[in-house]
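Residue numbers (full-length UniProt numbering): 1 to 128. These notes are about the structure you will find just below.
Dropping the structure here:
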């Protein structure tokens, strides 16, 4: 059984994470913090995209705990939303859409599907 605050904390984290993803994806590049030395890592931009949607999907799966086809529907919804964000970026004029960003987003979401059950077991054991 979950402690009462578990779902509240996950909900708060999901809202904050989603806001961060949307800000990072839709704000003008000048408004974003500089990557500093991290920008020297090859394909660092793709790593960030992977991480954004890995975290998003992981939080969705931990919060709602969908099973079977609902699990894949939740993942598909995250992937479709990431595609919509890429399209919006293309329409903004000050950002650009990128197919490889979408691939990185989708990869992060799919890896989260494999990690979520492991993390879920760990969390449930620690909440006992």
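For every residue, glycine included, the Cβ atom is placed at its ideal position computed from N, Cα and C.
Check: Could you tell me the alpha carbon to alpha carbon distance between residue 87 and residue 97, rounded to whole angstroms?; Outcome: 6 Å
Check: Given residue 90, which residues of its chain have a CB within under 8 Å of its CB, disregarding the five upstream and five downstream residues?; Outcome: 96 and 97
Check: Classify residue 59 as buried or exposed, calling it buried when 16 or more other Cβ atoms lie within 10 Å of its own Cβ.; Outcome: buried
Check: What's the call for residue 126, buried or exposed, on a 16-neighbour Cβ count within 10 Å?; Outcome: exposed
Check: Just checking my contact of residue 62 with residue 116 at CB under 8 Å: how many whole Å lie between their CB atoms?; Outcome: 6 Å
Check: Please report the straight-line C-alpha distance between residue 68 and residue 77, rounded to a whole angstrom.; Outcome: 15 Å
Check: If you draw a straight line from the C-alpha of residue 27 to the C-alpha of residue 34, how long is it?; Outcome: 13 Å
Check: How is the alpha helix (DSSP H) around residue 32 delimited, first residue to last?; Outcome: No alpha helix (DSSP H) holds residue 32; DSSP gives it neither H nor E.
Check: Kindly indicate the opening and closing residues of the alpha helix (DSSP H) around residue 71.; Outcome: 69-92
Check: Can you list, in chain order, the residues of its chain whose CB lies under 8 Å from that of residue 114, leaving out five sequence neighbours each side?; Outcome: none
Check: Using a threshold of 8 Å, state whether the C-beta atoms of residue 159 and residue 51 are closer than that.; Outcome: Residue 159 is absent from the structure shown; the chain starts at 1 and stops at 128.
Check: Check each candidate in 71, 103 and 49 and name the one with the smallest Cα separation from residue 21.; Outcome: 49
Check: Could you tell me the distance, in whole angstroms, from the CA atom of residue 13 to the CA atom of residue 101?; Outcome: 23 Å
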